[in-house]
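For reference, the structure is listed below as structure tokens.
There are 2 protein chains.
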Amino acid sequence: MTRIDEIGEDALIAMFAPLLPDTDSEILGPGDDAAVLSVDGDLVVSSDMLVEGQHFRNEWSSAADVGWRAAMQNLADIDAMGAVPTALQVSLAAPGHTDVEWVMGFARGLAAACAPHGVGVVGGDLSASDRIVVAVTALGETHGTDPVTRADAGDGDVLAVSAPLGAARAGYELLQDPDLDDVSEHPAVEAFLRPSPRIGAGLEAALHGATAMMDVSDGLIRDVGRIARASEAGIAIDSSLVPIAEECELGAAGRDAGTALEWALTGGEDHVMLAAFPRGRALPDGWTVIGEVTDAFRGVRVDGAVHESQGWDHFGQ
Amino acid sequence: MTRIDEIGEDALIAMFAPLLPDTDSEILGPGDDAAVLSVDGDLVVSSDMLVEGQHFRNEWSSAADVGWRAAMQNLADIDAMGAVPTALQVSLAAPGHTDVEWVMGFARGLAAACAPHGVGVVGGDLSASDRIVVAVTALGETHGTDPVTRADAGDGDVLAVSAPLGAARAGYELLQDPDLDDVSEHPAVEAFLRPSPRIGAGLEAALHGATAMMDVSDGLIRDVGRIARASEAGIAIDSSLVPIAEECELGAAGRDAGTALEWALTGGEDHVMLAAFPRGRALPDGWTVIGEVTDAFRGVRVDGAVHESQGWDHFGQ
Chain A
1 MTRIDEIGED ALIAMFAPLL PDTDSEILGP GDDAAVLSVD GDLVVSSDML VEGQHFRNEW
61 SSAADVGWRA AMQNLADIDA MGAVPTALQV SLAAPGHTDV EWVMGFARGL AAACAPHGVG
121 VVGGDLSASD RIVVAVTALG ETHGTDPVTR ADAGDGDVLA VSAPLGAARA GYELLQDPDL
181 DDVSEHPAVE AFLRPSPRIG AGLEAALHGA TAMMDVSDGL IRDVGRIARA SEAGIAIDSS
241 LVPIAEECEL GAAGRDAGTA LEWALTGGED HVMLAAFPRG RALPDGWTVI GEVTDAFRGV
301 RVDGAVHESQ GWDHFGQ
Chain B
318 MTRIDEIGED ALIAMFAPLL PDTDSEILGP GDDAAVLSVD GDLVVSSDML VEGQHFRNEW
378 SSAADVGWRA AMQNLADIDA MGAVPTALQV SLAAPGHTDV EWVMGFARGL AAACAPHGVG
438 VVGGDLSASD RIVVAVTALG ETHGTDPVTR ADAGDGDVLA VSAPLGAARA GYELLQDPDL
498 DDVSEHPAVE AFLRPSPRIG AGLEAALHGA TAMMDVSDGL IRDVGRIARA SEAGIAIDSS
558 LVPIAEECEL GAAGRDAGTA LEWALTGGED HVMLAAFPRG RALPDGWTVI GEVTDAFRGV
618 RVDGAVHESQ GWDHFGQ
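These protein sequence lines are chains A and B, in that order. For what it's worth, the working numbering labels the leading residue of the first sequence as 1, then goes sequentially. For what it's worth, the working numbering labels the leading residue of the second sequence as 318, then goes sequentially.
Dropping the structure here:
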């Protein structure tokens, strides 16, 4: 292997940059003080970090998996506004002993996630640190609809999700189960390491009149709570309606009854779209109603009660 | 003190967000999956990371200093394109034991740097990590001029800087000198901890016809080399013309003759603008010619020779 501190920053960028996808919006790409893009409509911007040991482990995730996930969760945030992603800025901090090949694999993972959507990686930063930190800012533009925030769900709206839930959580549980041998080819593990939300589901929801939307990143109940709080409303979830991913059912096989449902309710990182729609509106293909918005209470109730586990807090216990 | 893991992510954001400046371009600010901005002209985007222990030390820099520097170096990157900064995305990874007051101080530092320029902090991310990492993406827009890249310096152009150099390097040298007592109020140290490039100098240079431009972040010689390489040209620096910051001279007092000049040539982080202009054009106020662009050789020569020290590489030795 060759360590990145053996070849230096400028040489590393020269190797890395050609692997990155570009975008039709790009006027000036990587290599200058800033990138330059053309923007139609309004600009939509979102940022996320991935920290080694917190969001990924190198013994589980390949470099390409990390690049894929860093891209995909940011594309999902743009989609969750009902906007179209166009470009990423990707900053990478890594120890000097990191293998150059890791950085190239990371770039290939970014490209694999972005290129099918015409999204380019237009710039970023490289820095030394004692562990790997990836910081992505995704840029997109509105496409004939107003941005769909979390704040406008109203009394009587139905709440729906764009796809079944729990696959990523199941993969995480399998990976950290000390009693299991190699699970790397289990479909739930693949779903955890390479989440594949359908980018464009959010735009379709916007075109179907979604009143509030976000992607499920920290667990369904926690994220539903964010829509409820932003919209100053209550949301009632009927757990019998919550679609459970096949990978989640497979991962929960042999465990206590109810495990798969619990993972679907509280697991994060599927990046499935979650939206409220006016009652009676046709939903886009593939969406499932799981509950309703109400003025009768505040917060989230599952089958009429406050659920014990709320999902993932990045600092909390 | 209160630790950030005692109050949790959502509560921390609720305390942090009101301290952040906003911008006239903002359609939707922090708190949703993405921010929404209006953009006139083309979009200019740049990213930088600050890593604890690499780019700052908590025993030297207050939280507000870190916020200030994170903002300012990114504003300088937008200015270095001849564009106008409008907004920042700011992501922060920090240990759970970090004092909530550190995060508030960081927000106040961001605000102090941004607000005078009408720049808002419109979004970002919070994450746990074992040391502090700040990742900023700055957004700006062109303002009636084409973006000024590093690539179009031409034979015969003059090379100029917008302000004297070496202040930040002098402050760094003073801080790490074990023979010195408290230097926290030395003007060079203040310049290192709170770099204050004049934002707008880059736009003025663009309006005066600059052919190539960047800000000096990794040292004059190294960064001049980047313009030379991108422009496929040679650049000759006359060291007797290089303006040395007063803080640099003060910091070098009592050291070997030539120390202040060496710091001005190789020190980084002043974020002064560096640009090439067609010979004979009037320069903006405050700029100083330090050399010229030539087709007679490639790379950088100082007083006719290759300089021994090239400046700062983030991974190299």
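Cβ coordinates follow ideal geometry from the N, Cα and C atoms, glycine included.
Roughly how many angstroms separate the alpha carbons of residue i and residue j, rounded to a whole number?
i, j, result
"T403 (chain B)", "R279 (chain A)", "39 Å"
"V453 (chain B)", "V293 (chain A)", "36 Å"
"E566 (chain B)", "G621 (chain B)", "24 Å"
"T98 (chain A)", "I132 (chain A)", "9 Å"
"A70 (chain A)", "L110 (chain A)", "7 Å"
"L75 (chain A)", "V44 (chain A)", "11 Å"
"A373 (chain B)", "F192 (chain A)", "The residue you asked about is not Ala; residue 373 (chain B) is Phe in the sequence shown. Going by the C-alpha atoms only, they are around 35 Å apart."
"A380 (chain B)", "P601 (chain B)", "35 Å"
"S231 (chain A)", "D327 (chain B)", "16 Å"
"G348 (chain B)", "G440 (chain B)", "7 Å"
"D474 (chain B)", "D587 (chain B)", "23 Å"
"T459 (chain B)", "I237 (chain A)", "47 Å"
"Y172 (chain A)", "G268 (chain A)", "10 Å"
"H307 (chain A)", "L354 (chain B)", "37 Å"
"A153 (chain A)", "G225 (chain A)", "12 Å"
"R429 (chain B)", "W385 (chain B)", "For the sequence presented, residue 429 (chain B) should be read as Ala rather than Arg. The straight-line gap from Cα to Cα measures roughly 7 Å."
"G286 (chain A)", "A351 (chain B)", "24 Å"
"G575 (chain B)", "D79 (chain A)", "56 Å"
"L367 (chain B)", "I199 (chain A)", "31 Å"
"G483 (chain B)", "D77 (chain A)", "42 Å"
Using 10 angstroms around the beta-carbon of residue i, count the other beta-carbons present and answer buried if the total reaches 16, otherwise exposed.
i, result
"H434 (chain B)", "buried"
"R222 (chain A)", "buried"
"L139 (chain A)", "buried"
"M214 (chain A)", "buried"
"L265 (chain A)", "buried"
"D256 (chain A)", "exposed"
"A253 (chain A)", "exposed"
"F16 (chain A)", "buried"
"E343 (chain B)", "buried"
"Q73 (chain A)", "buried"
"V119 (chain A)", "buried"
"E564 (chain B)", "buried"
"P514 (chain B)", "buried"
"Q89 (chain A)", "buried"
"E521 (chain B)", "buried"
"D647 (chain B)", "This structure cannot settle anything about residue 647 (chain B), because the visible part of chain B is limited to 318 through 634."
"S162 (chain A)", "buried"
Just grab the DSSP bridge partners of residue i for me.
i, result
"L524 (chain B)", "According to DSSP, which records beta bridges pairwise, L524 (chain B) is partnered with nothing at all."
"E26 (chain A)", "A:L37"
"G123 (chain A)", "A:Q89"
"T611 (chain B)", "B:G551"
"I561 (chain B)", "B:L482"
"G517 (chain B)", "G517 (chain B) pairs with nothing; no bridge assigned."
"G457 (chain B)", "B:V361 and B:P402"
"F373 (chain B)", "B:E369"
"A128 (chain A)", "A:A94"
Please work out which residues of its chain come closer than 6 Å, Cβ to Cβ, to residue i, disregarding the five sequence neighbours upstream and downstream, and give them in chain order.
i, result
"T2 (chain A)", "V100"
"C114 (chain A)", "P21 and A71"
"Q317 (chain A)", "Reliability of the predicted coordinates at Q317 (chain A) is poor, the pLDDT of 39 falling under 50, and the value obtained from them is presented with this limitation in mind. For Q317 (chain A), where only same-chain residues beyond five positions count, there are no Cβ hits under 6 Å."
"S127 (chain A)", "A93"
"V242 (chain A)", "A264 and I290"
"L345 (chain B)", "A352 and V353"
"V216 (chain A)", "D223, D270, V272 and L274"
Spatial neighbours of residue i within its chain, please: CB distance less than 7 Å, with the 5 preceding and 5 following residues excluded, ordered by chain position.
i, result
"I324 (chain B)", "V417"
"R598 (chain B)", "H525 and G526"
"S61 (chain A)", "L193"
"N58 (chain A)", "E52"
"L174 (chain A)", "L180, V183, H186, A188, V189 and G251"
"L19 (chain A)", "M104, A107, R108 and A111"
"I561 (chain B)", "P481, L482, G483, A577, L578 and A581"
Are there any heavy atoms of the ligand ADP lying less than 7 Å away from the beta-carbon of residue i, as far as the coordinates show?
i, result
"V183 (chain A)", "Looking at this structure, you won't find the ligand ADP or any other ligand, since it has none at all."
Output needed for residue i: all residues of its chain with C-beta closer than 8 Å, excluding positions within five of it in sequence on either side, in chain order.
i, result
"A613 (chain B)", "G551"
Check distances from the C-beta atoms of the stretch 114-131 of chain A to those of chain B and list, in chain order, the residues that come in under 8 Å.
V122, G123, G124, D125, L126, S127, A128, S129, D130 and R131
Contact set between the stretch 140-164 of chain A and chain B, restricted to residues whose Cβ is under 7 Å from the partner:
P147, T149 and R150
Counting only Cβ-Cβ distances shorter than 9 Å, please list the residues of the stretch 45-59 of chain A near chain B, keeping chain order.
V45, S46, S47, D48, M49, L50, V51, E52, G53, Q54 and H55
Within 9 Å of chain B by C-beta, residues of the stretch 12-30 of chain A in sequence order:
L12, S25, I27 and L28
Give me the subset of the stretch 71-82 of chain A whose CB atoms are less than 7 Å from a CB atom of chain B, sorted by chain position.
Residues D77, I78, A80 and M81.
For the stretch 181-195 of chain A, which residues have a CB atom closer than 8 Å to at least one CB atom of chain B, in sequence order?
Cβ contacts with chain B: none found.
Quick one: which residues of the stretch 198-214 of chain A get their C-beta closer than 7 Å to a C-beta of chain B? List them in chain order.
M214
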